[in-house]
Amino acid sequence: NGTFTHQTFGRRGMRYIRLTFEPNVKVDSQISILTSRFPSKKLGQFQSDDKLLNQIYTIGEDTLKWGAQDQFDDSFIHERAQYLGDVYVDLLMGFYSYNPQQLAKKALFQYASTQKPSGLIETVYPSGLHQTILSYNLLFVSMLKDYYLYTKDDETLNALLPTAEKIVAGVGTLKNDNG
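Heads up: the sequence shown is residues 57 to 235, going by the working numbering.
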């Protein structure tokens, strides 16, 4: 008898919810879920003659929409971190579905803030892992280029170009006689 409310301390990712009840329990049909996401407007749409491709696109678009909070989160449950490789994919898809410009710009500056004297950057932010993935460092340069191509944001490009140049120089120092 009465109302039952359950709320976790953290977010949960899901597409479906399964509820089971004891026999002879009357269930009110008013079930709701509290949602949270970064406020953005839908920009475009995708439509194909291939029903499966449409479903795949919708799942990807929904993942992007609900995964964008105050940053692009890698996981709803395990960590609240941005992996540069994942953020880059989010940015690219976002410019076709939801405008991620604010989050992408924020991520670029956050990664840049981790630059080491070697020129390389941390590739997970925020994190205590201190993880530097060489190929992700080069993705930063590509991400900055694509961010600029979609936004024409000269100010951000000019502010972050020195970071990109230091990354390229830092990667260049790792070259040896074998490549």
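Virtual Cβ for every residue (Gly too), placed ideally from N, Cα, C.
On the CB-based measure, 16 or more other CB atoms within 10 Å of its CB, does residue i come out buried or exposed?
i      : result
Asn234 : exposed
Thr91  : exposed
Asp146 : buried
Val83  : exposed
Asn232 : exposed
Leu195 : buried
What are the start and end residues of the alpha helix (DSSP H) that includes residue i?
i      : result
Asn193 : 190-207
Ala160 : 157-168
Tyr152 : That residue, Tyr152, is in no alpha helix (DSSP H); it is neither H nor E in DSSP.
Val81  : No alpha helix (DSSP H) contains Val81, which DSSP labels as neither H nor E.
Thr229 : Element bounds for Thr229: n/a, residue is neither H nor E.
Leu118 : The amino acid at residue 118 is misidentified as Leu; the sequence shows Asp. Note, Asp118: alpha helix (DSSP H), 107-123.
Do residue j and residue i have their beta-carbon atoms positioned less than 8 angstroms apart in this structure?
i      : j      : result
Asn155 : Leu217 : no
Leu200 : Leu164 : yes
Ser198 : Tyr139 : no
Tyr181 : Tyr192 : no
Gln127 : Lys97  : no
How close, in whole Å, do the beta carbons of residue i and residue j come, if the pair is a contact with beta carbons under 8 angstroms?
i      : j      : result
Leu120 : Met149 : 6 angstroms
Leu75  : Ala124 : Going by Cβ atoms, the distance from Leu75 to Ala124 rounds to 28 angstroms, so no, they are not a contact pair.
At a cut-off of 7 angstroms, is residue i close to the ligand NAD when judged by its beta-carbon and the heavy atoms of the ligand?
i     : result
Leu90 : The ligand NAD is absent from the structure shown, which contains no ligand whatsoever.
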